[in-house]
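To keep things clear, I will list the structure first and then write my remarks on it.
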Amino acid sequence: MTSNNTIRLLEEISLNAWPSHKIELYDGWLIRFSHNYTYRTNSVEQIGISTLPTEEKIAYCESVYTNYRTPVNFKIQPLLDPSFDQCLAERGYQVRHVTEVMTMPMTHFHPFPSLTEEYEFYGRNSNLPSTVYYPENVIVQLRDTITDDWIRSLFRLNGTTNPTLVRIVPSMFKAIPKETIVACIEIDGRMVASGLGILDRGYVGLYAIYVDASCRRKQFARAICSSILSEAQKKGCSRAYLQVVQGNTGAKNLYTSLGFEDLYTYWFRSLES
1177 MTSNNTIRLL EEISLNAWPS HKIELYDGWL IRFSHNYTYR TNSVEQIGIS
1227 TLPTEEKIAY CESVYTNYRT PVNFKIQPLL DPSFDQCLAE RGYQVRHVTE
1277 VMTMPMTHFH PFPSLTEEYE FYGRNSNLPS TVYYPENVIV QLRDTITDDW
1327 IRSLFRLNGT TNPTLVRIVP SMFKAIPKET IVACIEIDGR MVASGLGILD
1377 RGYVGLYAIY VDASCRRKQF ARAICSSILS EAQKKGCSRA YLQVVQGNTG
1427 AKNLYTSLGF EDLYTYWFRS LES
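Heads up, the working numbering is the position in the sequence shown plus 1176, with the first residue counted as 1.
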């Protein structure tokens, strides 16, 4: 598969993996809105052929987000004509949230060696281990369903307190149409690390990797990622991908050590409302 075809596929499956609260399809552009939970779910993405003038379409999108009372964000990825990015720059749009997409064939995967696994049965994931044990008493729990408890604990880890987001984001997670591998590490019944694997067409995407500040440098993120990737590999996934914000050196070093390599970069052009 050529690089452009790979980028096109990853853009598509990452849309599947991360639904928005509201979506409008407009002449080949996807207008996404989720009360600013993330840039990805609050931006305009180009997914099809356009027939209307670009300036007209930009103005329409600006009016939509003005009604939402949120900033206007356009996602810029390598398959777009560079003139579009330049057009936004000339209108005063600033570059925000530069993100690096990394991929890995599973043949390059360097897992964190586990000590043992305990298997239980969870419906369609009948061969999914419910618990994976690592050195230093690091224990990863795996499930096949995103639960309300897991989402509430995720909010605590990533600092989500806005009442509107607390209300709408659970439905976004539960709207994910693909098979999931849900991971966590608990200490005294409290989740201190999280992770989510989303499977689609032979790929597994890593999402929602968070570790409580009090538990850093204990290999928790490495154990979470290794558990998800190992299970996805058993389920037939031959490749993995993830998205990491540029400048997050610690995360980038972890992912590189697992076997991931850079494929492409995307960013957002934003105009404050």
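The beta carbon of each residue, even a glycine, is placed where N, CA and C say it ideally should be. Fair warning: this is a prediction, and the values are worked out from it, not measured in the lab.
- Counting only the Cα atoms, Ser1403 lies some 12 Å from Val1380.
- With contacts defined by Cβ atoms closer than 9 Å, Asn1192 and Asp1376 form a contacting pair.
- Going by DSSP, Met1278 is part of no alpha helix (DSSP H) but of the beta strand (DSSP E) stretching over 1270–1281.
- Following the DSSP letters along the chain, one finds Ile1207 inside the beta strand (DSSP E) bounded by residues 1205–1209.
- Collapsing the DSSP output to three states places Gly1365 in coil.
- Arg1332 carries a helical assignment under DSSP once its states are collapsed to helix, strand and coil.
- The continuous alpha helix (DSSP H) containing Phe1349 extends over residues 1339–1350.
- The beta carbon of Cys1360 sits closer than 6 Å to those of Gln1317, Met1367, Ser1370, all from its chain and outside the five residues before and after it, given in chain order.
- By the CB criterion at 9 Å, Ile1400 and Val1387 fall inside the cutoff.
- Per the DSSP secondary-structure output, Ser1370 pairs in a beta bridge with Cys1360, Tyr1386.
- Excluding the 5 residues flanking it on each side, Arg1184 has same chain C-beta neighbours closer than 8 Å at Leu1255, in chain order.
- Taking every protein chain shown into account, the CB of Thr1292 has fewer than 16 other CB atoms within 10 angstroms, so this residue is exposed.
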